Amino acid sequence: MKPSALPLLPLGLVITAAALPVASAQAACVTLVTDTAPPVDTPVDYGDVGYGEQSATGSLPSIQSGLNRVKALATTGETATDTTAAVGSASNLTDPACLAESFGAPLAAQGLVGTRRMLDQTLAQLAQRRAAPHAATGTTLYGFSSDQSRREGGLPDTGNQALRVSRSDITLGADYRFNNQWVAGSAIGFGAPRLRWAGNSTRIDGKSVHLTSYGSYSPTPESYVAVALGVESNRYLLLDSSVTGAAASSKGVNWGLSVSAGHDFGFGNWGLSPYVRLDDVHTRVGAFSGAGGINKGHSNAVSAGTQLQTQVPTSWGVFAPHARVELTRVTNWRLSGQSALTYAAGAGVLPINNPAQIDRQFGVVGIGASAVLQRGVTLFTDYDTGFAQKDVSSWRFTLGVRTEL
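Right under this line is the structure:
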């Protein structure tokens, strides 16, 4: 061996070691393509359609039942013909390790987004209660339901399938106002997250339980600092019309912390409340059916916004509409695990945007109103939608009631 070749050995070992996780991950999802599937506009299953090939007729090659095809070849001693190609399947429903690779990183990414939205909603409602008429001290009970939807991908020039994430939640909570300076409370919520891919029968349905605790301190009558802590436990089921029952299941947990500070400027019955907020959120998605790796996520963001509100006295109480605009900059977005590594290497097994690459600057605009009735009862509603985030659209609607004891 030439002396000049010796320094290359460590580098070659490092490159080989770094490639092993991706290679082993891809091996979990390799299946056989043997015939032509229906046109791409026909709903199909990720377990039946490969994503890496497309014929001149605009049809995708289909994948025969993975295990059955492999078993048949092993039993008969046949070899694959020249019409058979090996590609990474988007999801082999018979292989939990493949499922972990396929869905782990997308679920982790949505866990980060959902946790930030949960904390944002907690602090936004706390600010709205501060702006609406309220008692100086005492306990407030409340409950609300919310529906939200988020669509990612699907632009014609990307070739990616659109992912739609929707969820419905019911939340019950209580807080106590000690005086004009201190407020503290907690809430419990039950949610149903759902993930759907356009033109595909494979879907993920989930059930979640989330807990939040929050507090607010007002050093002056016009200023405040608020903190919210949240944790959410999720159970995900992978479902498909061609499979009886759930193909696989996984569990996940999300948690995070948000801190906001703001100041209220009053102009008669009108108020303007600019604020800033810092978010720190984490997620952990377990392996599917005990196979495959664990995927984790961590994100930080800073937001700045303002809320405009007014109060209109009526014969039945006070009507208090509000409007809010907020700009967010994601300062850190990190996914780790086998699935995240596969997508980062450009070998993702789903035809979707890389979950590790997002548009880090975006905004939210919202409108809503509170109707303060007699005997301390308040009805409230809120609607917000995202803007200026590439290849993403989102909205959330909330309707609830609270009462002062």
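What the sequence shown shows, in my numbering, is residues 1 to 405, in sequence order.
Even glycine gets a Cβ: it sits at the ideal position worked out from N, Cα and C.
Small disclaimer: the values here were computed from a predicted structure and weren't measured.
Using CA atoms only, rank isn't needed, just tell me which of the options is closest to residue i.
i, options, result
"residue 336", "257, 140, 354 and 326", "354"
"residue 229", "118, 382, 162 and 207", "118"
"residue 206", "179, 249, 212 and 170", "249"
"residue 371", "101, 128, 103 and 115", "128"
"residue 307", "329, 340, 316 and 266", "266"
"residue 375", "133, 180, 184 and 185", "133"
"residue 388", "208, 328 and 120", "328"
"residue 166", "396, 293 and 400", "396"
"residue 366", "294, 125 and 98", "125"
"residue 299", "326, 283 and 288", "283"
"residue 202", "330, 103 and 114", "103"
"residue 220", "155, 227, 235 and 182", "182"
"residue 362", "391, 237 and 145", "391"
"residue 189", "286, 279, 258 and 169", "169"
Can you name the start and end residues of the beta strand (DSSP E) that residue i belongs to?
i, result
"residue 407", "This structure leaves residue 407 out entirely; the chain is present only between 1 and 405."
"residue 306", "295-310"
"residue 148", "138-152"
"residue 274", "270-285"
"residue 404", "392-404"
"residue 360", "Per DSSP, residue 360 belongs to no beta strand (DSSP E) and is neither H nor E."
"residue 197", "182-197"
"residue 387", "377-387"
"residue 238", "223-239"
"residue 175", "163-177"
"residue 261", "248-263"
Between the alpha carbons of residue i and residue j, how many angstroms are there, rounded?
i, j, result
"residue 109", "residue 263", "33 Å"
"residue 310", "residue 352", "43 Å"
"residue 314", "residue 268", "17 Å"
"residue 274", "residue 222", "11 Å"
"residue 63", "residue 255", "For residue 63, the pLDDT reaches just 27, beneath the cut-off of 50, and the residue's location in the model is therefore unreliable, although a value from the coordinates is still provided. One C-alpha to the other measures close to 38 Å."
"residue 404", "residue 136", "11 Å"
"residue 142", "residue 342", "44 Å"
"residue 368", "residue 164", "25 Å"
"residue 172", "residue 193", "18 Å"
"residue 12", "residue 345", "Unreliable placement is indicated for residue 12, whose pLDDT of 43 sits below 50; the coordinate value is still reported in the next sentence. Answer to the nearest angstrom: the Cα atoms are 18 Å apart."
"residue 281", "residue 271", "31 Å"
"residue 153", "residue 294", "25 Å"
Report buried or exposed for residue i, applying the criterion of at least 16 other Cβ atoms within 10 angstroms of its Cβ.
i, result
"residue 332", "exposed"
"residue 139", "exposed"
"residue 359", "exposed"
"residue 204", "buried"
"residue 180", "exposed"
"residue 42", "Residue placement at residue 42 is poorly supported in this model, since its pLDDT is 36, which falls under 50; the coordinates still yield a value, given next. Residue 42 should be labelled exposed."
"residue 197", "buried"
"residue 155", "exposed"
So the alpha helix (DSSP H) residue i belongs to, where does it begin and stop?
i, result
"residue 342", "338-344"
For a test of your reading of the model: does the CB of residue i fall under 7 Å from any non-hydrogen atom of the ligand ADP? Yes or no.
i, result
"residue 345", "Among the components of this structure there are no ligands whatsoever, and the ligand ADP is therefore not found."
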